[in-house]
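Just below is one structure, and these are the notes that go with it.
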Amino acid sequence: MKTEIIKVSGKGLGINEAIAATVSAGEECGLTKKENLRLRLIAEEIFGMASGIIGEIEGFYYVCAKDKSFEVHLNADVDLSKESKKKLLELSTTGTNSGVKSFMSKIRDMIGTALLPKEDGPSTLSLGLMSMSSPASVRAGSTANIYNWSLSDYRAAVKNAGEEGIEAWDELEKSIVANIADEITVSVLGYKVELTVFKKF
Numbered sequence: 059m060k061t062e063i064i065k066v067s068g069k070g071l072g073i074n075e076a077i078a079a080t081v082s083a084g085e086e087c088g089l090t091k092k093e094n095l096r097l098r099l100i101a102e103e104i105f106g107m108a109s110g111i112i113g114e115i116e117g118f119y120y121v122c123a124k125d126k127s128f129e130v131h132l133n134a135d136v137d138l139s140k141e142s143k144k145k146l147l148e149l150s151t152t153g154t155n156s157g158v159k160s161f162m163s164k165i166r167d168m169i170g171t172a173l174l175p176k177e178d179g180p181s182t183l184s185l186g187l188m189s190m191s192s193p194a195s196v197r198a199g200s201t202a203n204i205y206n207w208s209l210s211d212y213r214a215a216v217k218n219a220g221e222e223g224i225e226a227w228d229e230l231e232k233s234i235v236a237n238i239a240d241e242i243t244v245s246v247l248g249y250k251v252e253l254t255v256f257k258k259f
């Protein structure tokens with residue numbers, strides 16, 4: 059099954075409707091109350107992260123489910139102002155953000171940095187373990203870099219990161235989404251962001 063595709067925005071448009079649709083999908087697939095609460099938490103965490111990305115977000119949200127396997131999708135377009143680009147450039151240049159402590163906040167800033175146009179920002183991200191991979195080629199007819207990231211790759215990087223990985227692993231242990239989700243994938247092409255969370259109950 060697939061829920062209705064719901065238009066959402068960084069200003070809150072459609073978010074309550076999207077969360078309600080997520081809960082309904084869980085009920086329809088026979089999730090227990092505890093399982094459905096976890097599915098709802100995934101949706102809430104996604105919107106909490108998305109609303110913090112610099113710039114205005116307009117996108118589409120939906121859930122796909124088969125038996126008790128779920129895919130939670132958020133496909134968004136981000137409109138960056140000149141001031142937003144300036145802030146992201148500062149972040150991408152230093153590669154750090156002392157105000158970022160949570161795992162979802164790091165995903166948010168990683169996405170934000172990847173949104174920088176190639177002529178403004180670096181061709182590769184410099185955010186430590188949160189870096190996305192950038193394929194050598196871009197899609198036909200596109201001048202934008204494609205960036206990809208996954209939770210499974212990040213976990214593997216953290217395990218082999220020595221001292222830097224200790225703090226990152228602690229953040230993963232404290233993250234609601236990282237503990238609930240089986241996988242998270244992020245793709246950024248130009249100003250388009252695709253975020254998918256996978257969970258099988």
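Numbers 59 to 259, taken from our numbering, label the letters of the sequence shown in order.
Cβ atoms here follow ideal geometry from the backbone N, Cα and C, with glycine treated the same way.
In terms of residue numbering, what span does the beta strand (DSSP E) encompassing residue i cover?
i	result
lysine 250	250–258
serine 67	64–67
serine 208	204–208
Thinking residue i and residue j are a contact (beta carbons under 8 Å), I'd like their distance in whole angstroms, please.
i	j	result
aspartate 240	lysine 258	6 Å
tyrosine 120	leucine 173	The pair is not a contact, with the Cβ atoms about 22 Å apart (cut-off 8 Å).
leucine 230	phenylalanine 161	6 Å
glycine 117	asparagine 133	5 Å
methionine 21	alanine 83	Any answer about residue 21 is impossible in this case: the structure gives the chain only from 59 up to 259.
valine 251	valine 130	Wrong, their Cβ atoms sit about 14 Å apart, outside the cutoff.
isoleucine 104	valine 255	7 Å
valine 81	isoleucine 169	Going by Cβ atoms, the distance from valine 81 to isoleucine 169 rounds to 26 Å, so no, they are not a contact pair.
Is residue i helix, strand or coil when you go by DSSP?
i	result
threonine 243	strand
lysine 217	helix
aspartate 211	helix
Residue i lies in the alpha helix (DSSP H); which residues open and close that run?
i	result
lysine 232	221–232
threonine 61	Segment: none, threonine 61 is in no alpha helix (DSSP H) and carries neither H nor E.
asparagine 74	73–86
glycine 70	Where glycine 70 is concerned, there is no enclosing alpha helix (DSSP H), given that its DSSP letter is neither H nor E.
serine 163	161–172
Check: In chain order, which continuous runs of the beta strand (DSSP E) of length 3 or greater are located wholly inside the stretch 88–135?
Finding: Entirely contained in the stretch 88–135, the beta strand (DSSP E) runs reaching 3 residues are, in chain order, 114–124.
Notebook entry, point to check: Counting pairs of Cβ atoms below 8 Å between the stretch 85–95 and the stretch 118–128, do you hit three or more?
Noted result: The stretch 85–95 is in contact with the stretch 118–128.
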